[in-house]
Each structure stands twice: as C-alpha cells, then as structure tokens.
Amino acid sequence: MIGESKISNQKTLLIGLLVTAAAIVLFETGTLRLDQNTFQAQAGAADIVLEKSGERAVIRAGSLIFVESGAGNSLAGNLVGIENGVIFIKEYKSDEALPFAISDVGRLVHGEQKALGKYFFKGLKYGAIGGVAGGTALWLLVITEDNSFDPVEAYPFCVGFVSVFTVPAGALGGLIKGAIKQGKAVEYVIGPNDWQIVQ
Amino acid sequence: MSFIIIPLLYAFFFAFLTAYIASKKNYNIRSWFWLGFLLGFIATGILLFQPTKTEPKIS
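Residue numbers (this note's numbering), protein chains in the order written: chain A, 1 to 199; chain B, 1 to 59.
Following this line, the structure appears as structure tokens:
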C-alpha cells in the first residue's frame, strides 16, 4: 500500500517536472509569448530617406533606430515611419509610437549600438538550454546503456558535463554575433553640410 | 507578465525535481518540495549529497 502511494507520488512529481521543463523551454526559446505586443510596422508607413552630396541611404520602417537632438534629447526603438516632418519611433518598453521632430534631429544611428552585452547574455542563455537538453539526452543514453548508474545521481552530472562545453560556446557565439551587429551600426550626423533627411 | 511567470516556472521546476529526488531517497517529499521552490538548485544540490535513507520495515 505504502509502495503504491510512493510510486503514484513519484509519477505526479515526474509529470510536474516534465510540464514545467517543457513550459520553460517554450518560454525561453520564444515559441510561447505572453505579451503579444510585438512590433509590426504600420501599413503604408514611410521609410526614412537620407541624402548627402548625391549619396542616398534608406532606413526601412521596422528597423532599429536611435535619434538624438542637438540638445541631447534622444529616443531609441523601432522606426514606425515618418509623416509630416515627424519621425515616429516605438520604444522598446512602451506600446505607443513616440514622435520626434525631424528639425530637431542632430544624430541618427541605424542598427544596434549596445549589442555586445545583449547578445552575450542571449548566447549564455541558449548555451544553458543546450546544456540541459544535451545533458538530458546523454543521461537517457547512459541509463539505458548502463544499469550500474543511479539515474537520479547521474542526471546533474550529465547536464553539468554537457554544459561545460555548451555554455562557454554559447557565450562566445553571442559575443561574436554582438560584435558583428555592433560593427554594423551606422551613424548619420544630420546638418547642412552632412546628411539630410529628405523624406 | 513574463517577468513573474518565468521565475515561477523555474521555482516549480526545482520544487518538483527536489521533491522527486527526495522521494527516491526516502526523504520528506513535502518539505523538500518547498525547499526546492524557495532555494532552487541549491536545495537540489544539497539533497543530491545526502545519503539515501533506508525505508522503515513494516512488520
């Protein structure tokens, strides 16, 4: 009787463990999202067109942008569009598009400026997820092939062993990606002799 | 919303994991469930290094 109750308890715990693990994987990989306010460019929103002595640059609606006025006021986020001399940008943490007058723009950066830290931690996270997934696979392999291991005690060792490789690899990959993204950020200085926003 | 849900999921994950190991090692499941919930992987780590208790004999 006691044995049956114990097995039933273990089954419940194992189901709970698997359900929470699955939920964590779904949330962390972005498959499942709670906040559905992901940015989408408005239909018909205009891109920003810049010109400097015949050279032309286009910043598409929806791309990451940072604008700064001569006085030092700044706004960063996704470009919604440009309309009647006003640039609309959706900040990362707010839902509404904020206006920024074109006449005030002193500097405009297209791309990600602080990408290094962001992608490093992202890489670290993916490395950890890979460690848990790979470790679980290794654990399954070990316990089915060899009966001499205690499954419970073997699990953390398997996850730890795989994580030793995946976590630094993920962090390194994130650093490289961040450096590339950061290097791709283009700065436009707005002024009469520099870049001018023509549309 | 996600800033509450994800830590809660992690807390429940470690709670279930710790409770499962506790049941395998014949420790009090409920106590270790809450220890796992509150302390996370620390409780799991502590429990992994505990010796397995022998089950009481039923006459």
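We put the beta carbon where it would ideally sit given N, CA and C, even for glycine.
Report task. Consider the Cβ of T20 (chain A): report whether some Cβ of chain B lies at a distance smaller than 8 Å. Result -> Interface residue, yes.
Query raised in the report: Going by other Cβ atoms of all chains shown within 10 Å of its Cβ, with 16 needed for buried, is N78 (chain A) buried or exposed?
Result: With 16 or more other Cβ atoms inside 10 Å of its own Cβ, N78 (chain A) counts as buried.
Requested in this report: Could you name the residues of the same chain whose beta carbon sits closer than 8 Å to that of V198 (chain A), not counting the 5 residues immediately before and after it, in chain order?
Outcome: Same-chain partners within the cutoff: V49, L50, E51.
Query raised in the report: Sorted by chain position, which residues of the same chain lie with C-beta nearer than 8 Å to V142 (chain A)'s C-beta, five sequence neighbours on each side aside?
Result: Once the five neighbours on either side are set aside, the close Cβ partners of V142 (chain A) are F149, A154, C158.
Query raised in the report: Nearest to K25 (chain B) by alpha carbon, out of A:A169, A:V152, A:I190?
Result: Of the candidates A:A169, A:V152, A:I190, the residue whose Cα lies closest to the Cα of K25 (chain B) is A:V152.
Query raised in the report: List, in order along the chain, the chain A residues whose C-beta lies closer than 8 Å to that of F37 (chain B)?
Result: Within chain A, no residue has its CB atom less than 8 Å from the CB of F37 (chain B), the nearest being about 11 Å off.
Query raised in the report: chain A beta carbons: is any one of them nearer than 8 Å to that of A19 (chain B)?
Result: Yes, A19 (chain B) lies at the interface with chain A (some Cβ there is under 8 Å from its Cβ).
Query raised in the report: R29 (chain B) touches chain A at which residues, Cβ-Cβ below 7 Å?
Result: Note on residue identity: the sequence assigns Ile, not Arg, to residue 29 (chain B). Annotation: Cβ neighbours of I29 (chain B) in chain A (cutoff 7 Å, chain order): N9.
**Report entry** For Y188 (chain A), three-class secondary structure by DSSP
**Finding:** Correct three-state label for Y188 (chain A): strand.
Query - Terminal residues of the beta strand (DSSP E) in which E68 (chain A) lies - result: First-last of the beta strand (DSSP E) with E68 (chain A): 64 to 69.
Query - Whole alpha helix (DSSP H) elements within the region 110 to 166 of chain A, 4-residue minimum - result: Within the region 110 to 166 of chain A, the alpha helix (DSSP H) runs of at least 4 residues that lie entirely inside it are, in chain order, 115 to 145.
Query raised in the report: Are G127 (chain A) and A169 (chain A) touching if we call contact CB-CB under 8 Å?
Result: By the CB criterion at 8 Å, G127 (chain A) and A169 (chain A) fall inside the cutoff.
Query raised in the report: Using the beta-carbon count (16 or more within 10 Å), is I4 (chain B) buried or exposed?
Result: Exposed, since its Cβ has fewer than 16 Cβ neighbours within 10 Å.
Report task. Could you list which residues in chain B have their beta carbon closer than 8 Å to that of L17 (chain A), in chain order? Result -> Correct list: F13, F16, L17, Y20.
Query raised in the report: Can you tell which of A:I87, A:K122, A:R56, A:V19 has its C-alpha closest to the C-alpha of A46 (chain A)?
Result: In terms of Cα proximity to A46 (chain A), the closest of A:I87, A:K122, A:R56, A:V19 is A:I87.
Requested in this report: Pull up the distance between the alpha-carbon of P7 (chain B) and that of W34 (chain B), whole angstroms please.
Outcome: Going by the C-alpha atoms only, they are around 15 Å apart.
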